[in-house]
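S.K.: Protein chains in written order, with the numbering used here: chain A, 518 to 735; chain B, 518 to 735; chain C, 1049 to 1254; chain D, 1049 to 1254.
Note that beta-carbon positions come from the ideal geometry of N, C-alpha and C, so glycine has one too.
Everything numeric in this text was worked out from a predicted model, so none of it was measured.
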Amino acid sequence: MDGVHDMGGMDGFGKVQPEPNEPVFHAPWEGRVLAMQRSMGYAGAWPIDASRFAQERLAPQAYLGASYYQRWALAMERNLIERGYAGADELSSGHALRSGKPLARKLTPDLATQAMTRGSFYRQAQTPARFKPGDRVRTKNIHPPTHTRLPRYARGRLGVIELVHGCHAFPDTMAVDKGDSPQWLYTVMFEGKELWGPDADPTLKISIDAFEPYLDPA
Amino acid sequence: MDGVHDMGGMDGFGKVQPEPNEPVFHAPWEGRVLAMQRSMGYAGAWPIDASRFAQERLAPQAYLGASYYQRWALAMERNLIERGYAGADELSSGHALRSGKPLARKLTPDLATQAMTRGSFYRQAQTPARFKPGDRVRTKNIHPPTHTRLPRYARGRLGVIELVHGCHAFPDTMAVDKGDSPQWLYTVMFEGKELWGPDADPTLKISIDAFEPYLDPA
Amino acid sequence: MAQHDHDEHGSELSETQLRVRALETVLTEKGYIDPAALDLIIQAYETKIGPHTGARVVAKAWHDPAFKRALLDDGSKAVRALGHESRVGDHLVAVENTPARHNIVVCTLCSCYPWDVLGLPPVWYKSAPYRSRAVKDPRGVLADFGVKLPASTEIRVWDSTAETRFLVLPMRPSGTEGWSEERLAQLVTRDAMIGTGLPKPPEEVA
Amino acid sequence: MAQHDHDEHGSELSETQLRVRALETVLTEKGYIDPAALDLIIQAYETKIGPHTGARVVAKAWHDPAFKRALLDDGSKAVRALGHESRVGDHLVAVENTPARHNIVVCTLCSCYPWDVLGLPPVWYKSAPYRSRAVKDPRGVLADFGVKLPASTEIRVWDSTAETRFLVLPMRPSGTEGWSEERLAQLVTRDAMIGTGLPKPPEEVA
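#1: When you compare the stretch 668-675 of chain A with the stretch 601-616 of chain A, are there three or more beta-carbon pairs, one atom per stretch, that lie closer than 8 Å?
#2: Buried or exposed, going by whether 16 or more other CB atoms sit within 10 Å of the CB of residue 644 of chain A?
#3: Using C-beta distances below 7 Å, list every residue in its chain close to residue 1160 of chain D, excluding the 5 sequence neighbours before and after it, in chain order.
#4: So who's on the other strand from residue 567 of chain B, going by DSSP bridges?
#5: By a C-beta neighbour count over all protein chains shown, 10 Å radius and 16 as the cutoff for buried, is residue 1184 of chain D buried or exposed?
#6: Run down chain B in chain order and give the residues with a C-beta less than 8 Å from the C-beta of residue 659 of chain A.
#7: Suppose contacts are defined by Cβ-Cβ distances below 8 Å. Is residue 1166 of chain D in contact with residue 1102 of chain D by that definition?
#8: Along the chain, where does the beta strand (DSSP E) containing residue 1227 of chain D start, and where does it finish?
#9: Measuring straight from C-alpha to C-alpha, what distance separates residue 681 of chain A and residue 591 of chain B?
#10: Reducing DSSP to helix, strand and coil, say where residue 1093 of chain C ends up.
#11: Under 8 Å between the Cβ atoms of residue 1128 of chain D and residue 1136 of chain D?
#12: Take residue 1142 of chain D as the anchor and find which of D:1067, D:1206 and D:1070 has the nearest alpha-carbon.
#13: If we ignore side chains and look at the alpha-carbon of each, how far apart do residue 568 of chain B and residue 654 of chain B end up?
#14: Indicate whether the contact test is met: 3 or more Cβ pairs, each with one atom in the stretch 1092-1100 of chain D and one in the stretch 1109-1123 of chain D, closer than 8 Å.
#15: For a contact defined as C-beta to C-beta under 8 Å, what are the partners of residue 1174 of chain C on chain B?
#16: CA-CA distance, residue 1217 of chain D and residue 1169 of chain D?
#17: Give the DSSP-derived three-state secondary structure of residue 1151 of chain D in the structure shown.
#18: Put residue 724 of chain A into one of helix, strand or coil per three-state DSSP.
#19: Comparing the C-beta of residue 1171 of chain D with each C-beta of chain A, is any distance below 8 Å?
#20: Kindly indicate which residue of A:709, A:586, A:725 and A:708 has the alpha-carbon position closest to the one of residue 1064 of chain D.
#21: Can you tell me the Cα-Cα spacing of residue 1246 of chain D and residue 1118 of chain D, whole angstroms?
#22: State yes or no: is the C-beta of residue 690 of chain A within less than 8 Å of the C-beta of residue 726 of chain A?
#23: When you compare the CB positions of residue 660 of chain A and residue 520 of chain B, do they come within less than 8 Å of one another, or not?
#24: Locate the alpha helix (DSSP H) running through residue 1115 of chain C, then write down its first and last residues.
#25: Starting from the Cα of residue 1155 of chain C, find the closest Cα among C:1072, C:1210 and C:1116 and give me that residue.
#26: Between the Cα of residue 1234 of chain D and those of D:1179, D:1224 and D:1243, spot the shortest distance and give me the residue it belongs to.
#27: Counting contacts by CB-CB distance shorter than 8 Å, is residue 527 of chain A in contact with chain B?
#28: Please list the partners that residue 581 of chain B has in chain A, where partner means a Cβ-to-Cβ separation under 8 Å.
#29: Go through the stretch 637-722 of chain A residue by residue and report every complete run of the alpha helix (DSSP H) that reaches 4 residues or more, in order.
#30: Can you find a CB in chain A that lies within less than 8 Å of the CB of residue 673 of chain B?
#31: With 8 Å set as the bound, which would you pick, yes or no: does the beta-carbon of residue 1216 of chain C sit closer than that to a beta-carbon of chain B?
#32: Within 8 Å, do at least three Cβ pairs link the stretch 525-541 of chain B to the stretch 596-607 of chain B?
#33: Please compile the residues from chain A whose C-beta is within a distance smaller than 7 Å of the C-beta of residue 1187 of chain D.
#34: Is there a C-beta anywhere in chain A that falls below 8 Å from the one on residue 653 of chain B?
#35: Can you tell me the Cα-Cα spacing of residue 609 of chain B and residue 1073 of chain C, whole angstroms?
#36: Between residue 731 of chain B and the rest of its own chain, which residues show a CB-CB distance below 7 Å, the 5 nearest in sequence each way excluded?
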């Protein structure tokens, strides 16, 4: 979806403000949210793409007004309710009012640290890769109303395949529970002026990682 | 600039909510803001393009959080300060602390109603029109950091000239006090699928009014 | 500010009210504006300028084929020739609905609107939902207004990105043969002239 | 939740704190999560997983040409072979700075970041100013960090739009000939591995 989360190239947000000696968490609740997210992910409650899509569906002003972990918490609440893991009544009362839904597994303390490594998104290729390094491609001008990882600033643009990352689970289908639909994944490199016009920094090159369905030969 | 004001095609804002029997103003201050704006415009304090550009430069969250007339008021404050008509100290104290800057004219009660008609933006053409109805054009993919009236959703897209509106003052230069730089103005029509991809409503056609510098022959 | 002061007397002033009052005081004290002129502008929008002007234009176009041609040819010139008490500036473009094509007007970048013929825009016209969706999902927007058009009707969206202003000329409802201009004008809603609505059915007008 | 409770004891709880506590209670009572496992995850990010892992990887690449080749060839495999206590998942890609090219990593769509080697991302990395500007005006972003590169240096921005994760391999500072891996690692800042900073100059390390 073309939400405010898709902010690459948007002007007006001001300067980047690094924080010296930044703590890992700014409040204890941030750590709880992070750990709950990882724990529910380990349990197989929903894929990471569904977490992102739930964040994207926050109202634009709410998205911009919330901190990173606040967005996570809001997205988690939404996924819990939408997927029937908890009711809005339970979240507002702060207690379970019904028994839970079965989950594939549960993250217990003995498994906690080993479960922290990221999972693999590699999948068995169904078809040979359509593109190889050096190939010229044009990204599609698509505007799906659901989750996609093709940012607006890089749609309908001419680029070059730089890396082939193998075949990966496809976020666009994962986010809406339509399976992992494995797709070849490429790093596609664009000249700055192709994305930002003739006044762009001439030394600038930008890449995205693009799934094969996002690309046409050029 | 690619600000959040450029929201054509952005998803996530929800349904349109018509208000039955809506009043002209929802609070008396709204009318004061509107009338001050028109009054300062009549006085020649700054062009309408500078009002828009000042709104666009509000922080994205502030822009989305403010109502229409709140944005006008914030933009007016910014133009007053940036152009030396009033100091931030005066606006915060609520009183003039220094004498005013000369203005071309002043809107007095006897002139009020006749001054309410919109001004003309027609200008003498410097060159013949480059395009005529039926010509195919491609909008440029430009991303100026300043004010422009070429929306992001219609950049780098193929369209057809539908109407020629004559030669008009150019907002891109007006907004930054670089003169009216007269330019031919055209209604350019796009097919829905050219803007929104193959899944667009096949009956949809969208036009923008585009100044000649936004267009290349196609 | 007399009326303004009176309205708010005794009520708690919001931050915005206070800020706007400070603005007006500074501009007045600086000699830039005359509050009495502001009163007249506000009064004009509250009492004189509004969609009834556009409605009369539409009704005349329905009634008078020569005027309709003139309106579609040059909106500003045609409306000015009517000699309305509210003047009409340049760059007004009238766009005609037909059985094959429905027009909708929006301004995605700010909220440009044909003030001279419709008055000040409603809040929804200036809102993010309308500005964002009208160019991408106009049928969804029409559904928000309870309007459903045949799937075959072309939807033509006009994004007001310059100083041109668009007035939709809706289709004359059937069953109004022989009606006077005045009676026809009662059928013409503001939303019908933006394209988010249709004229009233004849039976709603006495 | 013991530590969590203790930290907040006696202090006023914010709306967010209360909401997150309700969430944890519901998930625990439903049997989905074990708060003791959460404690261990938090503890790991606070004490074990962080940019020191990436710094050791970079220092080894500076020190050992064979490892550097392996790292650039397959980041995940090379780092896993080091046998760090914090495990490294798939899809890690190391990108090398040279005098001709400077790499910067961003995630415009959310905030993807190589947690396994750098720990959790700083707030600025997740902020709208960074996410929006890094792909369009990376030199402006570098200026916000006080970094100025030659105008001729190519700026190569990697937008992490999939599950690949990027680690910048910065240039080894001159004047560090003969240094041990441990000493070299002290030069490697987190920002240098994101591309918004440069390694420390040798004189800053004892």
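M.R.: If we stick to the structure as given:
#1: no
#2: exposed
#3: 1208 and 1213
#4: Its beta-bridge partners do not exist; DSSP assigns none.
#5: buried
#6: 714, 715 and 716
#7: yes
#8: Taken as a continuous stretch (DSSP letters only), residue 1227 of chain D belongs to no beta strand (DSSP E), as it is neither H nor E.
#9: 49 Å
#10: The three-state reading of DSSP puts residue 1093 of chain C in helix, counting H, G and I together.
#11: yes
#12: D:1206
#13: 30 Å
#14: no
#15: 585
#16: 17 Å
#17: strand
#18: Collapsing the DSSP output to three states places residue 724 of chain A in a strand.
#19: yes
#20: Selected option, being the one with the closest Cα: A:586.
#21: Between the alpha carbons of residue 1246 of chain D and residue 1118 of chain D lies a distance of about 23 Å.
#22: no
#23: no
#24: 1113-1121
#25: C:1210
#26: D:1224
#27: yes
#28: 577, 578 and 581
#29: 688-691 and 709-713
#30: yes
#31: no
#32: no
#33: 718
#34: no
#35: 11 Å
#36: 656, 657 and 667
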